[in-house]
Structures are given as C-alpha cells and as structure tokens.
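Asker: Using the working numbering, you'd call the opening residue of the sequence shown number 12 and step up by one each time.
Just so it is clear, CB atoms sit at the ideal spot from N, CA and C, and this is done for glycine as well.
The structure follows.
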Amino acid sequence: MKNVFNEKNTIDLLGQLVNIPSPSGYTKTIMQFIGSYLHDLGIEYKQTNKGAIIATIKGENDSSHRLLTAHTDTLGAMVKEVKANGRIKLTMIGGFRWNAVEGEYCTIHTADGKKIRGTILMHETTVHVYKEAGDLKRDENHIEVRIDEKCFNAEDVRKIGIEVGDFVSFDPRFETTESGFIKSRHLDDKASTTLLLQLVKFIKEQNISLPYTTHFYISNNEEIGYGGNSNVPEQVVEYIAVDMGAIGDGQSSDEYTVSICAKDSSGPYHYELTHYLVNLAKTNGIQYKLDIYPYYGSDASAAIRAGYDVKHALFGPGIEASHAYERTHVDSLKATAELLFAYVTSPMDSED
Numbered sequence: 012m013k014n015v016f017n018e019k020n021t022i023d024l025l026g027q028l029v030n031i032p033s034p035s036g037y038t039k040t041i042m043q044f045i046g047s048y049l050h051d052l053g054i055e056y057k058q059t060n061k062g063a064i065i066a067t068i069k070g071e072n073d074s075s076h077r078l079l080t081a082h083t084d085t086l087g088a089m090v091k092e093v094k095a096n097g098r099i100k101l102t103m104i105g106g107f108r109w110n111a112v113e114g115e116y117c118t119i120h121t122a123d124g125k126k127i128r129g130t131i132l133m134h135e136t137t138v139h140v141y142k143e144a145g146d147l148k149r150d151e152n153h154i155e156v157r158i159d160e161k162c163f164n165a166e167d168v169r170k171i172g173i174e175v176g177d178f179v180s181f182d183p184r185f186e187t188t189e190s191g192f193i194k195s196r197h198l199d200d201k202a203s204t205t206l207l208l209q210l211v212k213f214i215k216e217q218n219i220s221l222p223y224t225t226h227f228y229i230s231n232n233e234e235i236g237y238g239g240n241s242n243v244p245e246q247v248v249e250y251i252a253v254d255m256g257a258i259g260d261g262q263s264s265d266e267y268t269v270s271i272c273a274k275d276s277s278g279p280y281h282y283e284l285t286h287y288l289v290n291l292a293k294t295n296g297i298q299y300k301l302d303i304y305p306y307y308g309s310d311a312s313a314a315i316r317a318g319y320d321v322k323h324a325l326f327g328p329g330i331e332a333s334h335a336y337e338r339t340h341v342d343s344l345k346a347t348a349e350l351l352f353a354y355v356t357s358p359m360d361s362e363d
C-alpha cells in the first residue's frame, strides 16, 4: 500500500493536466494526451463518439465488472457577443459564479487555431471613473473580456479571428507549496483523473492481477451533466465516481483525507457499497471523512438517471473553494490513491 502513491509523479502529471485547456466541449487535446499516456503504458482503451476514453484491464473474473470514472472537462466560457467597444461578452460553461473568475487571465481559442490572450473584468472596473464599481452585480451584462490586441470596435475583433462560439479557457495558476498544498483552478476533476491514471500505471508496472475486469472511464462532459452515462459495459456491477469532496460550513470533508459521499443533490448513493468503502478505509488505516454534498451531482448519479442497473458510489480528494481557485493537500491525494487501490484489489461487496 505504501508504494501506491508516488507524490512527485502525481503532482507532475496533475500540473500537466491542469495546464491543458479543456472546458466542456473543447476537450480534444486533453483526451489525445490521455490516449497517448495509456498507449505508452500498453493499456487497451477505446474512445466514444462523445470523446470519452474507456481503458480496460481484464481481471480474474470477467463476468462481473467494475467501473471507475473521473472527468477531465472543466469550467470555462464561450464568446456570446462581440461588443461594439472592442471587447467580448461571455456565456458560462458549467456552474460557477462570475466573481470567481473576475480578474482572471484567459485565452480565447479561435476556430482557425489562434490563441488570443485576455483578462476577464467588469466593464466598470476603473474606480477613478465608475463610483459604484464595487457595488455593481457581477453577471454576464457587466463582465467582459479585455482582449490583449488593438481592438477598438467589433470589426477589429473579428479581423483577428474572434467570433461568437469561440471557447474561452481560464488560466489555472497551478502552484505547490513546501507544506504540501496544491493550488490551481480545475483540480475538479483533474486531481481525480491524475489519480486514476497513476493507478493504471501502478497496476501495469507492478503486474498486479485484479480480481474483476475493471474499466477506467475518463469522461469529458461532466460539468454540463452528461459525462460517464453512456457506453457503460453491461457487465458492470459497481460504478464509482472519483470526484472532489466539497468543503465548507456544515461539511465534514477536509483537504487532508479522502471524502466518501453518502448523498448529494441526486439522492443517496448505494448504501451497502458506500459503507463497504468506509470499511475498506478503516481496515487499511486510510484517513477518510463521510459526507453529504448539498449542491452536487456526479457521473455516477448521471448513470443512474440514464437507467443503468449498477451499484453507485462516490469518493475523492477534498477540494477547498470548488469552482473557484481551488486547493487540496498531498495528504488527501494520497488517501484517495490508497482507497482506490484497496477497492480495485478487493472482493466485491456482495461476495465479501
């Protein structure tokens, strides 16, 4: 168990992933990266028409399968309007608040492949001009992108290739500290994606035999509600979403343990499977917290809504300030990695 988590390799890979722009709908590059990663390991995988990747490791039991999923798509935006003042109006991708990205640097990805830099700001940012700047509502009618090009009007913006429908990605600002913290946008859910990829690598390199055929589903549409709810093999009995634990007032989750979710906005997760995970954590000395996330949904709950007959559960690293400038600690990544390994190498709940 102690060798499952390689801190340096995990943080290096996480840094690579968060620095690849991938707002929902604009995930081709990052999925190519993940495909290449799996190919280099010699892992069998397939890509769905929606762009998700399903890697499969055959187990001793090939009639009852497990599936673990994490998502690599992130929050972001698209160009809603090219404004007369030479700036652009945005429309959100995913559920965040405008104040969470105010002042952030961004990149506009044009249809012809250009990457144009900008800053997300209130139109009324200048306090020496706008007396009520601090009191105005942060919404799509006041937020705009200041483009780092000489654009004085809408025609200038279009001349450099920007048009309605272009994707806009937010700078992640990935940083680690000597005290073990990892700070970055898009830890949701690239932290979990990193842990799944590292788990696959560990299983392959250590030639570990899994008790059940296990699928590793990297989805690319979770932030807009329909990530890992298609192409689920009919043999799958247990479906685990590996996603962030929500931290805040009234929550038990923290940045130092693995968070196991009993219920979110979709309803309770499978009771027996959830407590099987709790018992695995206890048995293996893994620090965990059991929690309920009030405003949350996962690929596992999406699969249940889609009608899949599976036992579903959810766990992952605790992430502070979700959908903003997020933070976690290496201890939480380690605990999650250990629970992942304990789970995929254990008997199924119904057979224990």
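Do you know whose CA, among S357, A348 and P279, lies nearest N20's CA?
Answerer: Of S357, A348 and P279, the residue nearest in Cα terms is A348.
Asker: Once DSSP output is grouped into helix, strand and coil, what is the label at K293?
Answerer: K293 falls in the helix class under three-state DSSP.
Asker: Give me the Cβ distance between G236 and A313, rounded to the nearest whole Å; I'm assuming they're in contact under 8 Å.
Answerer: About 6 Å separates the two Cβ atoms, so the contact holds.
Asker: For R98, which residues of its own chain have a beta-carbon under 7 Å away from its beta-carbon, when the five flanking residues on both sides are left out?
Answerer: Closer than 7 Å at the Cβ level, and outside the excluded window around R98, lie E155, V156, R157 and I158.
Asker: Distance, Cα to Cα, L221 vs D123?
Answerer: If I take the Cα positions, the gap works out to 45 Å.
Asker: Based on Cα-Cα distance, which residue from S230, G62 and N218 lies nearest to T80?
Answerer: Nearest option by C-alpha distance: S230.
Asker: What's the call for Y112, buried or exposed, on a 16-neighbour Cβ count within 10 Å?
Answerer: Note that residue 112 is Val in the sequence shown here, rather than Tyr. Looking at its Cβ environment, which holds 16 or more other Cβ atoms inside 10 Å, V112 is buried.
Asker: Under the three-state reduction of DSSP, which class applies to L86: helix, strand or coil?
Answerer: L86: coil per DSSP, three-state reduction.
Asker: Count the other CB atoms within 10 Å of the CB of Y37; is the residue buried (16 or more) or exposed (fewer)?
Answerer: Buried, because 16 or more other Cβ atoms sit within 10 Å of the Cβ of Y37.
Asker: So, with DSSP's three-state summary, where would you put G46?
Answerer: Reduced to three states, the DSSP call for G46 is helix.
Asker: Go ahead and pull the three-state DSSP assignment for Y116.
Answerer: Three-state DSSP puts Y116 in a strand.
Asker: In the DSSP assignment, find the unbroken alpha helix (DSSP H) run with E337 in it and report its ends.
Answerer: Counting along the chain, E337 falls outside any alpha helix (DSSP H), though it belongs to the beta strand (DSSP E) covering E337 to H340.
Asker: Give the list of continuous beta strand (DSSP E) stretches no shorter than 3 residues that lie fully inside the region 86-167.
Answerer: List check, beta strand (DSSP E) in window: 87-93, 99-104, 116-120, 126-133 and 154-158.
Asker: Tell me whether the beta-carbon of E233 lies closer than 8 Å to the beta-carbon of D310.
Answerer: Yes; because the gap between Cβ atoms is below 8 Å, this pair is in contact.
Asker: Are the CB atoms of L101 and E151 nearer to each other than 8 Å?
Answerer: Closer than 8 Å, so yes.
Asker: Rounding to the nearest angstrom, what Cα-Cα distance links F110 and T356 in this structure?
Answerer: Correcting the residue identity first, residue 110 is Asn in this sequence and not Phe. Each residue's Cα considered, the two are about 43 Å apart.
Asker: Residue ranges of each beta strand (DSSP E) run of no fewer than 3 residues wholly in the region 189-262, ordered along the chain?
Answerer: Complete beta strand (DSSP E) runs here, min 3: 192-195, 223-230 and 247-253.
Asker: Check the DSSP bridge columns for Q27 and list the partner residues they point to.
Answerer: According to DSSP, Q27 bridges with nothing at all.
Asker: How is V175 classed by DSSP in three states: helix, strand or coil?
Answerer: Coil at V175, not helix or strand.
Asker: Determine the DSSP secondary structure at I330, reduced to helix, strand or coil.
Answerer: Three-state DSSP puts I330 in a strand.
Asker: Short of 7 Å in beta carbon distance, which residues of its chain neighbour R169, apart from the five on each side in sequence? Order them along the chain.
Answerer: These residues qualify, in order along the chain: V93.
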